[in-house]
Amino acid sequence: MSHASSSKVCKYGVFLSFRGIDTRRNFVSHLYNALEQRGIDVFKDDERLETGKSIPNELMKAIEESRFAIVIFSESYASSRWCLEELAHIIKCRNELDQIVIPIFYDVSPSDVSHQNSPFAESFSKYKDDELEKVQRWREACKEAGKISGYHLQECKYHSFEMHSLISQTGQNVSREEYANSRVWLIEEVHDLFAGKLKTKKVESLRIPNGYRFDDDHINYNKVFKRMQCLQVLILHRRTICSESTVTCLPSNLRWIEWPNYPSSSLPEGFEPSQLVGLCLRGSWLVELWPIPKKLCNLKYLNLSESLGLTKTPNFGDMPNLETLSLRRCENLEVVHPYLGHCKMLTYLSLTGCVKLKKLPKFVCMESLEILLLDECTSLKRFPKICGDMRRLSILYVESPWIRSLPPSLSGLSRLKLKGCEVLESIPDSILNLERLHISGCNKLTTLPNSLFESQQWIFLYIYRCSGLVELPVSLGVQKKLGFLSVEECENLTKLPSSIQMESLTELKISNCPKLTTFPEIIGDMHCLKSLTLESTGIRELPLSIGNLSGLEYLNLKGCEDLVSLSNSLCKLKNLQRLILRGCKKLPGNVGDLQEFETLEEPRRSSK
Numbered sequence: 001m002s003h004a005s006s007s008k009v010c011k012y013g014v015f016l017s018f019r020g021i022d023t024r025r026n027f028v029s030h031l032y033n034a035l036e037q038r039g040i041d042v043f044k045d046d047e048r049l050e051t052g053k054s055i056p057n058e059l060m061k062a063i064e065e066s067r068f069a070i071v072i073f074s075e076s077y078a079s080s081r082w083c084l085e086e087l088a089h090i091i092k093c094r095n096e097l098d099q100i101v102i103p104i105f106y107d108v109s110p111s112d113v114s115h116q117n118s119p120f121a122e123s124f125s126k127y128k129d130d131e132l133e134k135v136q137r138w139r140e141a142c143k144e145a146g147k148i149s150g151y152h153l154q155e156c157k158y159h160s161f162e163m164h165s166l167i168s169q170t171g172q173n174v175s176r177e178e179y180a181n182s183r184v185w186l187i188e189e190v191h192d193l194f195a196g197k198l199k200t201k202k203v204e205s206l207r208i209p210n211g212y213r214f215d216d217d218h219i220n221y222n223k224v225f226k227r228m229q230c231l232q233v234l235i236l237h238r239r240t241i242c243s244e245s246t247v248t249c250l251p252s253n254l255r256w257i258e259w260p261n262y263p264s265s266s267l268p269e270g271f272e273p274s275q276l277v278g279l280c281l282r283g284s285w286l287v288e289l290w291p292i293p294k295k296l297c298n299l300k301y302l303n304l305s306e307s308l309g310l311t312k313t314p315n316f317g318d319m320p321n322l323e324t325l326s327l328r329r330c331e332n333l334e335v336v337h338p339y340l341g342h343c344k345m346l347t348y349l350s351l352t353g354c355v356k357l358k359k360l361p362k363f364v365c366m367e368s369l370e371i372l373l374l375d376e377c378t379s380l381k382r383f384p385k386i387c388g389d390m391r392r393l394s395i396l397y398v399e400s401p402w403i404r405s406l407p408p409s410l411s412g413l414s415r416l417k418l419k420g421c422e423v424l425e426s427i428p429d430s431i432l433n434l435e436r437l438h439i440s441g442c443n444k445l446t447t448l449p450n451s452l453f454e455s456q457q458w459i460f461l462y463i464y465r466c467s468g469l470v471e472l473p474v475s476l477g478v479q480k481k482l483g484f485l486s487v488e489e490c491e492n493l494t495k496l497p498s499s500i501q502m503e504s505l506t507e508l509k510i511s512n513c514p515k516l517t518t519f520p521e522i523i524g525d526m527h528c529l530k531s532l533t534l535e536s537t538g539i540r541e542l543p544l545s546i547g548n549l550s551g552l553e554y555l556n557l558k559g560c561e562d563l564v565s566l567s568n569s570l571c572k573l574k575n576l577q578r579l580i581l582r583g584c585k586k587l588p589g590n591v592g593d594l595q596e597f598e599t600l601e602e603p604r605r606s607s608k
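Numbering (full-length UniProt numbering), first residue to last: 1 to 608.
In structure tokens form, the structure reads like this:
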């Protein structure tokens, strides 16, 4: 190990340690890109290692030459000897070189890491033939790392984890002495910069903090920006106050701009955005990006959300590498440029809350699109025509009372939300890989395709206020991974599958479905089911097989006015803690052996 002191100029801002098979595709790549776009130089072993170099020495050296180490602990992290060796060296650098370590616990808990509990215990059990001293060093490194304050993520989904606090913490602290004022983050430094006490030519990254005011007479941010020719990253907080209404100058070397409530109607005409990778102008006063077209060949991220002056989008043909586009709640947006349908690199598109948008262009070449959000698009007349391959589209949200059909080419969907689609008559039977389905206010739907439930990937199904729904398909009853099922206020629902065998179901809720008179037979032991609600249904009796719900803790039969008897097999439910029978008017006064239940909270029948 090289004996560098903490004052040494570090080659890298951050070293990323992770187990690729768990995290590389989504989380690590987003974190890596976000840090890089904020001007932080990141070492990621699949990016920087040179052919022919000794991998161990190269990695150890990279760790030592990094000011920060971010360790992403996942379920299989400890199954890699290489990851454990990295971790041990990182902890050594923390103790000897004052390296700052930030752990991220990704679907594992800090105690799993610190105490080598499952799944770490299983991984360590495979090292019984390894050198004892080496394994002990790994264990000690895990023990120390698990006690370091970090970030704990549970079931991290695409875009569900907000990384800003992690990035801000890293960005604000990355080696201040090493970059010698090239990164200005603290409010005192920002004030000195605009007061002329710092050399503007050296600044590469500028973050203007919450509450900072540009309203002093001696401050003119346009003049300051004009002198900041090396500036690559510019981030303003949403509450930064700008007294000037027109931005006339931005450095053309900028790679990343975050300026919430941007005060001008367009970006400066003299700003050449050839280096720009990310542009976030949420809540801006924009009417257009530029008065004249500009090429943004490197732009990957564009966020113009809540820009109420925007009535039409820019020409996306000028952004050939765009990956993320958010136009969320651009409430006056009416025209989307036709080239949107040719954005072949686009993975994320949000038009949520674009209430005046009536049509979208054809999706001709959008094979990379993974997430499409069209919720609250209440004026959208039809779903965009799909001409090309969109098998990668996995998440789709739609809300419009005008859309009558969805195209059959949505076969790759894993998550679908349909809200207020009042005239939608069916869901394509080509969708075979759904995991989550949320349907509400789709009154023309009478049933769901049987093929929809033929896969065994389902984990969540929610149906609400679908007045035309009459039955649910038989194939729903054998979903082995479905964890949550709710059907509420479907006034014409009359039929469920005749039997159910849902091994993973934890909560089943059917309420305000007055025409539903029978409950399915329960096949096998559905011991995972903890909560069963059949409130305000037309059910007359429960099947004897209700006793198969051995793990049931909560049973709600409130308002089941036609319920005439309770099965004696309820006595088998030893874990039942609460039984609600209020409003069950036809139940006899004596409900038999249930009187002996000590766990009942509610009266068996309301007194008159």
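Yeah, the Cβ is synthetic: ideal placement off N, Cα and C, and Gly gets one too.
Shown here for GLY483: same chain residues with a beta carbon closer than 7 Å to its own, the five before and five after excluded, namely ILE459, PHE460, SER504, LEU505 and THR506 in chain order. As computed with DSSP, GLY278 is found in a beta bridge with TRP256 and TYR301. In this chain, the alpha helix (DSSP H) harbouring SER114 covers 110-114. Here DSSP, grouped into helix, strand and coil, assigns TYR348 to strand. In the same chain as GLY388, and ignoring 5 residues on each side of it, the C-beta atoms closer than 7 Å to its own belong to PHE363, VAL364, CYS365, MET366 and GLU367, in chain order. Shown here, VAL224 sits in a helix according to DSSP, grouped into three states.
A direct Cα-Cα distance of roughly 11 Å separates LYS480 from GLU454. If you draw a straight line from the Cα of VAL203 to the Cα of GLU140, it is about 41 Å long. With respect to VAL287, SER266 sits close: the two C-beta atoms are nearer than 8 Å. The C-alpha of LEU333 is placed about 11 Å away from the C-alpha of LEU360.
Positions of the alpha helix (DSSP H) runs, each at least 4 residues long and wholly inside the region 369-440, cannot be given because no such run exists. GLN136 sits exposed, since fewer than 16 C-beta atoms from the chains shown fall within 10 Å of its C-beta. Put simply, the backbone Cα of ALA78 is about 6 Å away from that of LEU84. Positions of the beta strand (DSSP E) runs, each at least 3 residues long and wholly inside the region 549-590, are given as 554-556 and 578-580 in order along the chain. Short of 8 Å from the beta carbon of GLN275, and not among the five residues preceding or following it, lie these beta carbons of its own chain, in chain order: GLN232, SER252, ASN253, LEU254, ARG255 and ASN298.
Take the alpha-carbon of GLY547 and the one of LEU570: they are about 6 Å apart. The beta strand (DSSP E) runs lying completely inside the region 189-214 and spanning 3 residues or more are 205-208, given in chain order. Counting C-beta pairs with one atom in each stretch, the region 54-70 and the region 122-131 have fewer than three that are closer than 8 Å, which means they do not touch. Sequence-distant Cβ neighbours of SER411 in its own chain, meaning closer than 7 Å and more than five residues away, are ARG391, SER430, ILE431 and LEU432.
Bridge pairing for PRO103: VAL71 [DSSP]. DSSP, reduced to helix, strand and coil, places SER326 within a strand of the structure shown. In the structure shown, ARG139 falls within a helical segment according to DSSP collapsed to helix, strand and coil. The beta carbons of PHE15 and TYR106 sit about 17 Å from each other, so the pair does not count as a contact at 8 Å. DSSP, read as helix, strand or coil, puts ILE459 in coil. The closest CA to that of PRO514, considering only ILE500, SER531 and THR537, is found on THR537. Residue ARG227 holds the alpha-carbon nearest to the alpha-carbon of GLY196 among PRO543, ARG227, CYS280 and SER379.
Under DSSP, THR533 forms a beta bridge with LYS509 and ASN556. For the pair SER74 and LEU576, the Cα-to-Cα distance works out to about 36 Å.
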